[in-house]
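As structure tokens, the structure follows; a few thoughts come after it.
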Amino acid sequence: MLETTRRLIQERLAAEVGRIDKDAPMRVALAYPSPYNVGMSSLGFQRVYRGLQAMAGVSCERVFLSDDAAEPAQTMRERPVSYESRRELADFPVIMVSVAYELELAGLVKLLDAAGIPALSREREERHPLVIAGGPLTFSNPLPLAPFVDAIVIGEAEELIEPLVRSFLDSRNRNEALSNLAALSSVFVPALHGDTLPAPAACDDSLLPAHSAIRTPHTELSNMFLIEAERGCSRGCTYCVMRRSTNGGMRIVPKEVVLEKIPADAKRVGLVGAAVSDHPKIVEIVRSLVDRGVEVGLSSLRPDRLKDEFVGVLRAAGYRTLTTALDGPSERMRGIIERRGREPHYQTAAELARKHGMDRLKLYLMIGLPGETDADIDECVTFVSELSHVIPIALGIAPFCSKHKTPLDGMPYAGISVIQARLERLRRGLKGRADVRATSAKWAWVEYVLAQGGAAEGEALAKAVRAGGKFADYKRAFAELGHAPDGRGYSEVTPPIAPERAKMRRLSLV
């Protein structure tokens, strides 16, 4: 099995373009708690890789969760090794790990367990690596991550990469390293800070955009060069962590900067951002890339931005499916969560997708929102059925999970049985009219418990992973903390609405 893994690593390394080969006295492991194809599609992971390789005297080696450990009930069968030197994870003095969302915490436990490193930081000794985490999860609630790491970078890490490593290098022992890390702005050291989180770091705009260091066919986004067109968002959707109040809202990268950063040999480019279609020059950027013969993908398309010229240039850039977010199942729900998308926007999107020869319109949808009822689901069935007469429709559905640092923080999970019943209602109503696919209501509940939880929930996750990692193991571990998968339904709950949105509330609840 070990020989098979080594061959797989060699095959993937041989296919990479842009890797920064480097040897240095200080080796840092950069770990991702999901398999290679997911980790190498993470722009944040690649940004940290580039930053570490730029440091004098430091080299970065990448470590990933094995492919066979991606499923919840599977563990790693071998000790994790780095791609660069096949060095075991436990042999690095420092491990930096990027965590995107709550369910990846299970992958972190698997990585540490397989490496022979105590997963709980309080059980580690002087001989064990220092584990430092960061990533998108830190913008909402990093507390369930706290039991497994020695320090967490809250927010944007660009300007903290070098100080983090220097803090370790300048320390004589583990305790001194923790004290040095705790002195850094926006660095959270659970052993010293308790549950008190610092404000998130925001890097200087001059350091934007983040962009790929390595391109490879062995990723979710095969051979695609990723680059930010903007960072953050100017909108105020009440469920979203990256809303306008986060790190100064939306920060635009000038068109000229975006285009000059893209390698001349790149044939596929992904423009990344929470609201990339809101970039004032987005049509010009995409058209310029099309003129180069480049295939282009955008990480987000807002329905109110889908005009004729924009959809036309997207088709020229290789789009076969036009994808946007429906978010709420009804106009009432979209008003409550402060989404700008309205039925005329989706009707226009469907018509333009057909006009420009696309195969289908894909809509992302949340169900189980605060205040949602069966009538909202029925409205969705009616509206999507109407759209299906224009162009084939695909629905991608996810249960709503409330997140910290949003106006809907603290709202309860609708309940597995409620989500499943509403999903079945949608499927029945749209049978033969739309392709309906949904993420698991059970695993969404696990995500919700972690999103709203703390260190105790993180330790319960570790217990569930070690018990087998099946949903029943999580249900049992979380039950010990008083969490039940079918509690109060949202029909009993009134969602919080900002005072300045009172008029919208009255209109949307009619």
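Quick note on our numbering: the sequence shown kicks off at 1399 and runs consecutively. No residue lacks a Cβ here, since even glycine has one placed at the ideal position from N, Cα and C.
Spatial distance of residue i from residue j (CA atoms)
i	j	result
F1490	M1424	9 Å
R1642	P1701	18 Å
V1639	L1558	22 Å
L1595	P1588	9 Å
A1611	E1749	38 Å
L1763	P1542	27 Å
M1902	S1815	For M1902, the predicted model reports a pLDDT of 25, less than 50, meaning its position is unreliable; a value from the coordinates is still stated below. Answer to the nearest angstrom: the Cα atoms are 30 Å apart.
G1442	I1407	22 Å
Q1818	A1422	53 Å
R1703	S1675	7 Å
T1617	P1433	9 Å
P1805	M1731	15 Å
A1664	K1705	27 Å
G1634	T1644	10 Å
N1578	G1733	47 Å
S1538	R1520	24 Å
T1722	I1515	42 Å
R1874	H1881	9 Å
E1524	R1570	11 Å
R1666	L1619	9 Å
L1793	A1488	43 Å
G1887	P1470	Because G1887 sits at a pLDDT of 42, beneath the cut-off of 50, its placement in the model cannot be relied upon, and the point is left open.
Integer-rounded CB distance, given that residue j should sit under 8 Å from residue i
i	j	result
L1759	A1715	Contact flag wrong, Cβ pair sits at about 17 Å.
V1495	A1429	4 Å
D1757	R1718	5 Å
R1820	I1775	5 Å
A1544	G1856	6 Å
Selected residue, minimal CA-CA separation from residue i, among the options
i	options	result
V1684	R1417, G1668, I1765	G1668
P1615	A1849, A1412, P1542	A1412
R1613	T1402, L1699, R1445	R1445
S1483	M1453, I1660, H1526, K1420	K1420
A1828	A1796, T1780, L1806	Reading the sequence as shown, one finds Leu at residue 1828 and not Ala. Considering only alpha carbons, the answer is T1780.
V1834	Y1447, A1531, L1761, L1785	L1761
H1677	D1689, P1661, L1696	L1696
V1651	H1743, E1486, Y1872, L1605	L1605
C1778	E1729, S1838, I1789	E1729
M1622	L1767, M1438, D1884	M1438
A1600	A1544, P1883, S1565, P1534	P1534
R1404	F1546, P1790, R1485	R1485
I1530	V1426, A1452, V1456	V1426
G1726	A1608, G1766, A1454	G1766
heavy atom of the ligand NAD below 8 Å from residue i C-beta
i	result
G1716	This structure does not include the ligand NAD; it has no bound ligands of any sort.
Bridge partner(s) assigned by DSSP for residue i
i	result
S1457	R1425
L1696	L1669
R1835	G1794
K1760	T1721, A1792
V1684	None; V1684 has no bridge partner.
H1609	I1625
M1494	L1428, I1530
* Inspect the CB distances between the segment 1705 to 1714 and the segment 1654 to 1670 and report whether three or more fall short of 8 Å. => Between the segment 1705 to 1714 and the segment 1654 to 1670 there are fewer than three C-beta pairs closer than 8 Å, too few to call the two in contact.
* Decide yes or no for the touch test of the segment 1849 to 1860 against the segment 1796 to 1808: beta carbon pairs closer than 8 Å, at least 3 of them. => yes
* Asked: Between the segment 1864 to 1874 and the segment 1455 to 1464, are three or more C-beta pairs nearer than 8 Å?
  -> no
* State whether the segment 1465 to 1477 contacts the segment 1507 to 1518, with contact taken as three or more CB pairs (one from each stretch) at a distance under 8 Å. => yes
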